[in-house]
Amino acid sequence: MLFVGTIAVLHPALPDRSFSDSENRVLEALPPFSLSSLLSGKFASRYEKYVADQFAFRDVWIGLKTDADRAMGRTDSNGVYLGKDGYLIAAFAPPAEGEAEEKVAAIHSFDRATPGVRKYMMLAPTAAAVHRDKLPAFAPAGDELAYMERIRKLLSPNIRFVDVYPALYAERERPVYYKTDHHWTMQGAYAAYRELCKEMGMIPKDEEDFRVRQVTNAFYGSLYSKSGFRHMQPDSISLYLPKEKTDYTVEYADEGHTTHSLYAMERLERKDKYQVFLGGNYALIRIMASRPTGGKLLVVKDSYANSLIPFLTGHFSEIYIVDLRYFDGSLTRLVEQHDIRDVLIVYNIHTFFEDPSIKYLKEE
Amino acid sequence: MVFSSLIFLFQFFPATLLVYYLSPNRLRNAVLVAASLAFYAWGEPVYVFLMIFSILFDYANGLLIDKYRHRKSIARTVLIFSLLGNAAVLGFFKYAGFLIDNINRLFHVHIQAAELPLPIGISFYTFQTMSYIVDVYRGSVPVQKNIVAFGAYVTMFPQLVAGPIVKYGDIAAQLASRRMTLEKFGEGAEWFIRGLAKKALLANPIGSLWMSVKSTPTEELTAGYAWLGIIAFTFQIYFDFSGYSDMARGLGKMFGFELPVNFNYPYISRSVTEFWRRWHITLGSWFREYIYIPLGGNRRGLRIQFRNLLAVWLLTGLWHGASWNFIVWGLYFGFFVTVEKLALLKWLQRVPAPVSHIYTMLVVIVGWVLFEMDLGTAGSFIGVMLGFGAHGWTDDRTLYALSTNAIPLAALALCATPLPRKAFMHLAQKGKRGDAIAVSAAYGMLLALSTAYLVTATYNPFLYFRF
């Protein structure tokens with residue numbers, strides 16, 4: 000009784016929060032009252048959401064629940080597995096029938112519209128494939144490799160498929176993926192970079208050419224939030240900084256601002272520290288090297304590319320980075336306008352199947 | 000509103016309780032009616048008027064029957080009028096769509112049915128008002144002249160939306176005056192917390208296993224996964240429903256009422272007949288008292304008895320929902336109860352206990368398939384359970400679900416027996432101070448954990464923002 004009473008009093012006493020850091024979303028505010036919303040039942044359901052969102056010590060309760068679940072032997076929460084050695088691993092949900100064909104058709108359409116431009120496709124596996132031995136016993140985490148093979152077979156020979164799985168798998172004893180986040184680490188991206196160089200006919204830089212600098216050791220990533228599991232070791236983020244320094248100009252086209260670094264260090268103060276790479280995802284970013292070293296590259300990508308691109312800057316004098324989720328121009332025009340000779344498509348296999356925006360590649 | 004929601008638990012309930020106990024005795028029924036109407040209107044802002052109409056209708060009919068008690072024919076006419084009225088309301092809101100659907104299919108016509116949502120609790124409160132009218136007609140209960148007291152009987156929010164079905168006679172005296180003691184209040188709080196824990200900690204989590212099995216296409220199911228799923232549902236529905244009944248009983252006690260017990264560990268039964276004496280007890284006794292016995296029960300020969308059983312089980316099925324699978328589900332149990340009456344019951348008492356337990360649970364579990372799925376899907380699902388058309392006996396998904404749910408399933412099985420309750424009682428009754436504190440602490444823990452599960456049910460991280 001005392002407990003119920005305390006909570007009942009605490010709710011109005013504590014100030015409402017507008018945003019939850021751990022859930023990364025805006026919390027429901029007290030809904031405005033009107034007779035019509037009351038009669039339709041909308042007021043009631045929004046008010047209930049409001050009470051839940053603003054519940055006193057909400058985050059503590061959520062932690063208590065996942066702790067109890069763990070004690071009962073549960074090893075998954077919200078589509079995330081609690082793996083061995085502190086790995087949180089997102090399950091791969093098999094895509095809908097015809098999804099693979101549709102996406103490949105869009106890529107082919109783009110290919111036909113830009114003849115003579117070399118194209119590379121890199122589909123990154125996630126920890127669910129590379130660290131499958133760290134999954135809980137019997138955990139059905141989806142078969143990423145089968146779908147990767149499917150895409151490879153569907154792609155026309157014009158588009159070189161860069162298979163990075165073997166390289167990542169060979170490196171699996173090293174931290175190639177974050178434990179609490181769904182991304183690969185810069186070390187994982189480095190392994191992918193070497194594979195890409197093979198396909199592109201470039202000589203990759205050696206690992207000794209980089210100085211590895213740890214910039215944070217308190218990164219609780221997206222899988223930590225999604226699962227709600229507590230008591231996890233935070234990740235650290237390390238950057239591969241070339242020993243031989245070059246200057247860059249990084250232009251954010253829509254935002255209209257320019258920097259001279261590939262890393263947005265101020266993002267390390269925030270919750271999503273992976274945004275240190277290129278400051279997160281933007282519609283169009285253009286990176287120009289001060290010393291022209293090669294041709295022009297267009298990267299069509301999701302966030303996995305953000306930690307890969309720093310390795311590519313040494314090989315191209317200009318890199319155009321397009322995120323189709325935010326970009327609303329014409330890619331074909333972009334390629335023609337800037338006389339781009341190489342196009343690299345980089346996605347992790349989850350986003351590739353889940354994100355509908357890849358279909359925008361299709362040319363009318 | 001439901002009991003297992005944060006808004007009920009931490010806003011509506013404490014506020015109502017406070018106002019109730021601050022009010023003088025004579026106003027308490029009125030407070031209860033007002034709170035109950037608000038409780039109902041929260042989820043059904045329009046249908047609340049239907050319920051108010053239903054109350055006024057049967058309140059008036061009760062008065063009329065009482066007034067013309069000495070003129071049998073008038074009293075009888077009012078009774079029939081009232082019963083038809085209730086049946087019409089129930090029929091219109093619950094069964095019209097089903098009826099029109101079948102007429103359309105049978106005669107290949109296209110009558111448009113108005114797609115009305117089912118008013119919450121209508122099956123419960125119409126059964127209550129009908130029991131009142133019948134009992135007044137029979138003279139077994141005095142007529143209720145006070146509209147507020149009658150309103151309190153029908154709307155009382157603890158039992159309004161999901162039972163137990165309280166017969167008017169059980170509660171008539173309590174409506175006029177009831178004793179409230181601290182001890183009774185404490186007992187009520189314990190019943191409520193047990194019920195809440197059943198719902199939030201046991202039923203909801205295992206329900207998610209059933210949801211993932213149910214949403215798997217039948218051709219992808221392994222036999223093992225199908226069994227795991229329906230066993231999960233077997234636990235889910237019991238802890239959900241009995242949890243709700245326990246909460247209702249607990250709330251009733253906290254307001255000074257004694258509501259009937261609705262579940263008595265049905266899964267420890269040794270026959271289907273026994274199962275139905277332990278499952279949703281107030282519904283079974285309603286049908287016995289107002290259908291089976293008035294039709295002649297078992298005293299007018301075997302043929303009449305069979306007819307009566309058929310009627311009761313058909314109605315039991317229909318009461319649970321307006322579709323064919325519920326009818327089949329009702330008749331399915333009617334069949335087993337009848338066979339047991341004829342012969343099986345004696346045999347079941349002789350065989351070793353595990354045999355009769357297994358028999359009963361198999362009948363019940365297969366019954367839940369009929370209850371949960373439409374007939375076509377239920378047929379192929381039962382096929383998969385037997386290995387026909389199954390995607391093998393087991394696969395990774397099955398083994399994963401089994402290994403991660405092993406502890407919860409064991410806990411559920413244990414909680415479906417009286418053992419945990421007995422252990423609690425034993426500790427509480429020994430009277431040692433330390434034990435009593437331990438019991439209170441355990442209830443506190445249950446309440447805290449339930450809160451955590453309810454809060455987390457709304458945990459909805461938004462992650463796909465610029466990622």
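Going line by line, the protein sequences match chains A and B.
In this text, residue positions in the first sequence follow numbering that gives the first Met the number 0: the first is 0, and each later residue adds one.
In this text, residue positions in the second sequence follow numbering that gives the first Met the number 0: the first is 0, and each later residue adds one.
Backbone N, C-alpha and C define an ideal beta-carbon position, used for all residues, glycine too.
- Listed in chain order, the non-local C-beta contacts of B/D169 below 7 Å within the same chain comprise P259, local neighbours out to five positions each way being set aside.
- A/M120 is bridged by DSSP to A/F160, A/I344.
- Comparing C-alpha distances from B/W312 to each of B/R299, B/S322, B/V327, B/R302 shows the shortest one belongs to B/V327.
- Taking a C-beta distance under 9 Å as the contact criterion, B/A171 and B/V212 do not qualify as a contact pair.
- Against chain A, the beta carbon of B/Y399 has neighbours under 8 Å at P135, A136, F137, A138, P139, listed in chain order.
- When Cβ pairs closer than 8 Å are counted between the two stretches, the stretch 87 to 100 of chain B is seen not to touch the stretch 64 to 76 of chain B, the count staying below three.
- For A/V50, the nearest CB of chain B lies under 9 Å from its own CB, placing it at the interface with that chain.
- Of all C-beta pairs linking the stretch 328 to 337 of chain B to the stretch 268 to 275 of chain B, three or more are shorter than 8 Å, placing the two stretches in contact.
- Within 7 Å of the CB of B/R396, the CB atoms of chain A belong to P139, in sequence order along the chain.
- A buried status is given to A/W60, since no fewer than 16 other beta-carbon atoms sit within 10 Å of its beta-carbon.
- Beta-bridge analysis with DSSP links A/K41 to no other residue.
- Taking a C-beta cut-off of 9 Å against chain A, the contacting residues of the stretch 442 to 456 of chain B are G443, L446, A447, L448, T450, A451, Y452, L453, V454, T455, A456, listed in chain order.
- Any Cβ of chain A closer than 9 Å to the Cβ of B/S402 would place that residue at the interface, and such an atom is present.
- Put simply, the backbone Cα of B/S53 is about 9 Å away from that of B/G84.
- In this structure, the beta-carbon distance from A/Y86 to A/A126 falls below 9 Å.
- For A/N216, the enclosing beta strand (DSSP E) begins and ends at 209 to 218.
- Annotation note: the stretch 242 to 303 of chain A contains the following uninterrupted beta strand (DSSP E) runs of length 3 or greater, listed N- to C-terminal: 247 to 251, 256 to 258, 283 to 288, 295 to 300.
- For the 9 Å CB-CB criterion, B/A199 and B/L448 form a contact.
- Annotation: Cβ neighbours of A/R73 in chain B (cutoff 9 Å, chain order): P204, T403, N404, I406, P407.
- With respect to chain B, the C-beta atom of A/I61 has a partner C-beta closer than 9 Å.
- Taking the beta carbon of A/R45 as reference, no residue of chain B falls within 9 Å; the closest one sits roughly 11 Å away.
- Within its own chain, the residues whose Cβ lies closer than 7 Å to the Cβ of B/M179, once the five positions on either side in sequence are excluded, are G255, listed in chain order.
- Nearest to A/T248 by alpha-carbon distance, out of A/Y239, A/S237, A/S260, is A/S260.
- Contact annotation: A/G72 and B/T403 have beta-carbon atoms nearer than 9 Å.
- Within chain A, E47 have C-beta atoms less than 8 Å from the C-beta of B/S4, given in sequence order.
- Closer than 7 Å at the C-beta level to chain A, one finds these residues of the stretch 35 to 64 of chain B: W41, G42, P44, V45.
- With at least 16 other beta carbons inside 10 angstroms of its own, B/G251 counts as buried.
- About 4 Å separates the beta carbons of B/T397 and B/Y224, which is inside the 8 Å limit, making them a contact pair.
- In the three-state reduction of the DSSP assignment, A/Y176 falls in the strand class, which pools E and B.
- In terms of beta-carbon proximity, B/F9 lines the interface with chain A, with at least one pair separated by less than 9 Å.
- A straight-line Cα-Cα distance of about 10 Å links A/G328 and A/V321.
- Leaving aside the five residues that flank A/E148 on each side, none in its chain has a CB nearer than 8 Å to its CB.
- At least one CB atom of chain A sits nearer than 9 Å to the CB of B/A410.
- In the three-state DSSP reduction, B/V142 falls in the coil class, being neither helix nor strand.
- Residue B/G249 holds the alpha-carbon nearest to the alpha-carbon of B/P163 among B/G249, B/L343, B/A310, B/D394.
- Contacts with chain B at 9 Å (Cβ-Cβ) do not include A/G187.
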